[in-house]
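Novice:
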Amino acid sequence: MRARVISIYLASRGPSGVVFALRPTAFATRPRPTRPRSSTRTRTCFPSSTLHPSHTISTRLLTSSSSEGNGCPLPFETLPYRGAEVRLQPRQGNHNDDQFLKKLQGALDYWTENEYTSAWLHIPSSRAGLVELLTPTTVDETGSGSKNNASSLLRELSFDLHHVNTTESTIVLKKWLRPNSEDKVPPFATHQVGCAGFVLSDDNEILLVREWSGPPSNRTPTKQWKLPGGLLDAGESFEEAACREVVEETGVQSEFESVLAFWHRHGLVFGKSDFYFVCLLRPTSKEIDIDPVEVSAAKWMPLEQFLTTQDHPLIHHVLEKAYELGKDDEGNLDVALEKIRNSNGRIHPTVEMIEGDVQFGHRREPFLTYTGSVATT
């Protein structure tokens, strides 16, 4: 087999290098939970320690620092790429914000002298008044005396709003500490990540679903059959997400085999971009038990029937590029249909991305990595 490395890592880089936006919901590793029978599904939440370390959204190497013995007035943690992170406690009684601001000024001096690149503040929503004080749009340029001195201090302390962490109910502020060099911190969460399950049975039937259209009070089934799928939960691998989405929507249990294709598109809601991965799954059962809240119907369809009756562009793309089951130069499907009929059991893709691991150093768990492989006969 010939292979070509495609770097797809299932781990984030912390606040200084966030790339993907995932749904902020915990999900357990194997064994996968079965879908509840009620229309309102629940998912058991597990502490992050139960997740594979290379999958968790907060994976990073942290060096704990404190104000004791290092000259920094504030306790902080060192992030990758020389970031300094401070997590404030929720408001309990009378917090002295003025005292915190004085310590913050000393901490900024310490981090600058020790060549840190960025400073990060995680401010609980109960102390949101600090956000008003520290973001530059609130700095008062008028006035005199002590008021002017306070404005000068706040200009020195000014941070940028980076993102809101809805899971922890915190507002995250960022300050670049190298004024003579370009700010290298990317904006938060530029992408959402989803996946679909391409569930192919041993007798070459593909699992398809129909969604709903219209308001809940007057919804109708959509006309197009599609692959079951959805967004990844925080900490999930493609394997976990694809198998979970399939069993949630259709009740069919399956096993992950590989990644067949993915798209990259832009201009979605809130200006975000989207990665969507199609995962090849092998069913371990064929009994369908749909979730009527998410889908209106599900069925197994022979590949021959799909090729001749359906028009879903993503599925046709996968069949053409990964399985060589497309139309010929004259627009006919005769060759593709003959290939299916003459197959000895389940057909195999001619190109796919196989799951593997990449290890960085000895302290980190390996990262799941997907490598393109071309089958040879």
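First residue of the sequence shown: 29, per the working numbering; consecutive thereafter. All residues carry an ideal CB built from backbone N, CA and C; glycine is no exception.
(1) Could you tell me which uninterrupted alpha helix (DSSP H) segments, each at least 4 residues in length, are contained entirely in the segment 98-172, listed from first to last along the chain?
(2) Can you check which of these residues, 391, 350 and 356, is closest to residue 402 by C-alpha distance?
(3) Which ranges would you report for the beta strand (DSSP E) in the segment 282-318 if only whole runs of at least 3 residues count?
(4) Beta-carbon separation of residue 133 and residue 210 under 8 Å?
(5) From which residue to which residue does the alpha helix (DSSP H) around residue 368 run?
(6) Measure from the alpha carbon of residue 281 to the alpha carbon of each residue in 267, 117 and 186, then state which is nearest.
(7) Using the beta-carbon count (16 or more within 10 Å), is residue 369 buried or exposed?
(8) Let me know if residue 145 comes out buried or exposed under the rule of 16 or more other beta-carbons within 10 Å of its beta-carbon.
(9) Please go through the segment 254-282 and give each complete beta strand (DSSP E) segment of 3 or more residues, from N-terminal end onward.
(10) Between the Cα of residue 371 and the Cα atoms of 360, 344, 395 and 331, which residue gives the shortest distance?
(11) CB-CB under 7 Å to residue 139, same chain, minus the five flanking residues each way: which ones, in chain order?
(12) Tell me which residues share the same chain as residue 406 and place their Cβ nearer than 6 Å to its Cβ, disregarding the 5 neighbours each side in the sequence.
(13) Nearest-angstrom Cα distance between residue 247 and residue 383?
(14) So what does residue 414 bridge to, in DSSP terms?
(15) Determine the closest residue to residue 380 out of 398, 125, 188 and 200, with distance taken between C-alpha atoms.
(16) Roughly how many whole angstroms lie between the Cα atoms of residue 291 and residue 335?
(17) If we ignore side chains and look at the alpha-carbon of each, how far apart do residue 253 and residue 195 end up?
(18) If you reduce the DSSP assignment to three classes, tell me which class residue 333 lands in.
(19) Below 8 Å on the Cβ atoms is my contact criterion, and I expect residue 222 with residue 257 to pass it. Report the Cβ-Cβ distance as a whole number of Å.
(20) Where does the unbroken alpha helix (DSSP H) through residue 349 begin, and where does it stop?
(21) Relative to the C-alpha of residue 108, which candidate in 187, 101, 212 and 208 has its C-alpha closest?
(22) Count Cβ pairs between the segment 361-368 and the segment 339-353 that sit closer than 8 Å; are there 3 or more?
(23) Less than 6 Å between C-beta atoms, sequence neighbours within five positions excluded: which residues of the same chain meet that for residue 149?
Specialist: From the atom records:
(1) If we require 4 residues or more, the alpha helix (DSSP H) runs fully inside the segment 98-172 come out as 125-141 and 157-162.
(2) Out of 391, 350 and 356, the CA that lies nearest to the CA of residue 402 is found in 350.
(3) Runs found: 282-293 and 301-311.
(4) Between residue 133 and residue 210, the gap from beta carbon to beta carbon reaches 8 Å or more.
(5) Note, residue 368: alpha helix (DSSP H), 362-369.
(6) Closest by alpha carbon: 267.
(7) With a threshold of 16 other beta carbon atoms within 10 Å, residue 369 falls short and is exposed.
(8) Result: buried.
(9) Counting whole runs of 3 or more residues, the segment 254-282 contains the beta strand (DSSP E) stretches 257-259.
(10) Comparing Cα positions, the closest option is 331.
(11) When the five nearest sequence neighbours on each side are left out, the beta carbons in the same chain lying within less than 7 Å of the beta carbon of residue 139 are those of 112, 147 and 205, in order along the chain.
(12) Missing from the structure shown is residue 406; the chain here goes from 29 to 405 and no further.
(13) Residue 383 has its alpha-carbon roughly 39 Å from the corresponding atom of residue 247.
(14) No answer is possible for residue 414: the residues shown for the chain start at 29 and end at 405.
(15) Residue 398 is the option with its Cα nearest to residue 380.
(16) For residue 291 and residue 335, the distance between alpha carbons rounds to 21 Å.
(17) Going from the Cα of residue 253 to the Cα of residue 195 covers about 34 Å.
(18) In the three-state DSSP reduction, residue 333 falls in the helix class (H, G or I).
(19) Contact check for residue 222 and residue 257: beta-carbon distance about 6 Å, within the 8 Å limit, so the pair qualifies.
(20) That run of the alpha helix (DSSP H) goes 341-351.
(21) Measuring from the Cα of residue 108, the nearest candidate turns out to be 212.
(22) Inter-segment contact for the segment 361-368 and the segment 339-353 is present: three or more beta-carbon pairs are separated by less than 8 Å.
(23) Apart from the 5 residues on each side of it in sequence, residue 149 sits with its Cβ closer than 6 Å to the Cβ of 114 and 201 in its chain, given in chain order.
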